[in-house]
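If you count by the working numbering, then the sequence shown holds residues 1462 to 1765, one letter each, in order. Scroll down for the structure; my scribbles are underneath it.
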Amino acid sequence: MTLSNLRVLPLDLGYMGQDESAAAFLVSMGDTRILVESGPAACIHRLQEGLRAASMTIEQLDGLLVTHIHLDHAGASGLLTSERCHVYAHPRGAKHLADPERLNASAYRVFGSALDLELGRMEPNHPDRVHEIPDGGSVTLGGMTFEALETLGHASHHHAWILRQDGEVHVFCGDAAGMRIPGTAFPTIPMVPPEFDLHAWTESLEMIRRTNADSLWLTHFGHVTIESGFLDDVELEMHAEVDFLTDMIINDEMHLPERHRAWHQDRAEAHGVPAEILEVHCRPAFYRANYDGVSRWLSKTTKP
Ligand SMILES: [Zn+2]
C-alpha cells in the first residue's frame, strides 16, 4: 500500500484579532497544495505567515476551493488566484468572485467602516480562473478529488467539500456545521439574513452526517468528529435559538439584545463557556444578525 502523505493544516488567520476565529485549510499531498477557504482580505498577512511556516508561498498554490463567497471565506480570493491557482465555487456564488462589487457594497451596508479593518474588500478574480462546480460535481487537482456537497441553510450558494483519501473521509464544512467557541465544544450558529433557512440547514446537517466523515473541518474553527455529537448540538442550539427568537419576533416585535444575549449566555454556561469568552466571540452584531436572519426566514415561510 502506498501512503499518500495527505496533510490538512488549519491556518489560523487571526480574524477580528482573535485566535481560532477563522481558518484557511492547507491541504497537501505530494507536491500539490490546495487551499480550502481564502479567509478575508484583511487577514492576507496572517495567511502568508501561515504558508511561510509551511515552507511555501502564495505563488505555489495549485488551487483554491471556497465553501461560499462571504468575505470571511472568500474575501482574499482575488489576491490568491493566478494562472496556476484557479478558484472553485458554487454556481450561484461564482459570478460574484469575478465581479465582487455588489458583494463588497452589501458587506459595507452591514459592517460600515469596520469592513476595511476586519474583513477587507474582495478584489476581482479573473473570470477565466473562476469555476462553477454544481452539487455532486468534483474538482481533481494532483491526486486529490474534492466533491461538492450543496449544503444550504446559511447561504443559498454553500458547498461543503468532501475529500476521500486512503479510506479516510474529510469534510470541509464552511459554516454548514456551525461555529465553535474556541477551547469548548459549544456551537454557535450564524443564522444570517437574507438566506438563513432552518429546514434547509437541518437537512444539510443530515447530509454531512451521511458522509460518515472521519474529520469535519470547521472554518470557525478547527477539527471535530461526527461521533463527538457536535452536529447534534448544532441542530439543538439552532432550533432552540429559532424558537426563542420566534417568540421575541411574535410577542415583542423588536430585537431585545440584552435578553437575547442573557438567554444565550445561560446555554453557553451550561456547556462550560465562561461569559467573558462568549462575549469576545459573540458580539452585538452576531445577535442582531441572527434576529434579522430568523425574522427574514419567518417572513418567507408560510405559517400555519
Ligand atoms: Zn463564516
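Heads up, the beta-carbon is just placed ideally off N, CA and C, and yes, glycines get one too.
- Look at which beta carbons fall closer than 5 Å to any heavy atom of ligand 1; those residues are Asp1533, Asp1636.
- Isoleucine 1687 and alanine 1637 have their C-alpha atoms spaced approximately 13 Å apart.
- Contact check for isoleucine 1495 against leucine 1610 fails: the beta carbons are separated by 9 Å or more.
- Assignment of beta-bridge partners to alanine 1723 by DSSP yields no partner.
- For threonine 1493, no alpha helix (DSSP H) encloses it; the enclosing beta strand (DSSP E) starts and ends at 1493-1497.
- Using a 10 angstroms sphere on the CB of leucine 1578, the tally of other CB atoms stays under 16, which defines it as exposed.
- One alpha carbon belongs to valine 1653, the other to alanine 1750, and they sit about 5 Å apart.
- Between the alpha carbons of proline 1585 and aspartate 1560 lies a gap of roughly 6 Å.
- In terms of CA proximity to alanine 1661, Trp1758 leads the group Thr1542, Arg1625, Trp1758, Pro1643.
- Leucine 1540 and alanine 1502 have their alpha carbons spaced roughly 8 Å apart.
- In this structure, glutamine 1479 places its C-beta atom within 9 Å of the C-beta atom of proline 1643.
- By DSSP's assignment, arginine 1728 forms no beta bridge with any residue.
- One alpha carbon belongs to alanine 1674, the other to tyrosine 1748, and they sit about 31 Å apart.
- Restricted to the segment 1645-1685, the beta strand (DSSP E) segments that are unbroken, complete and at least 3 residues in length are 1676-1679, 1683-1685, listed in chain order.
- Phenylalanine 1486 has Pro1471, Val1497 as its beta-bridge partners, per DSSP.
- Within 10 angstroms of the beta-carbon of histidine 1721 lie 16 or more other beta-carbons, which makes it buried.
- Only residues of its own chain outside the window of five on either side were considered, and among them Arg1494 have a CB closer than 7 Å to the CB of methionine 1517, listed in chain order.
- For alanine 1616, the secondary structure class from DSSP, reduced to helix, strand or coil, is coil.
- For histidine 1681, the closest C-alpha among the options Leu1717, Arg1670, His1534, Ser1599 is that of His1534.
- With 16 or more other Cβ atoms inside 10 Å of its own Cβ, isoleucine 1669 counts as buried.
- Put simply, the backbone Cα of serine 1482 is about 30 Å away from that of aspartate 1627.
- CA-CA distance, leucine 1706 to serine 1489, rounds to 42 Å.
- Restricted to the segment 1516-1561, the beta strand (DSSP E) segments that are unbroken, complete and at least 3 residues in length are 1524-1526, 1548-1550, listed in chain order.
- The beta-bridge partner set that DSSP reports for glutamine 1626 consists of Glu1629.
- Counting only unbroken stretches of 3 or more residues, the beta strand (DSSP E) elements lying wholly within the segment 1563-1595 are 1591-1593, in sequence order.
- The three-state secondary structure of serine 1689, taken from DSSP, is coil.
- Per DSSP, the beta bridge partners of leucine 1602 are Met1605.
- In the DSSP annotation of this structure, the continuous segment of the alpha helix (DSSP H) that includes isoleucine 1505 starts and ends at 1505-1514.
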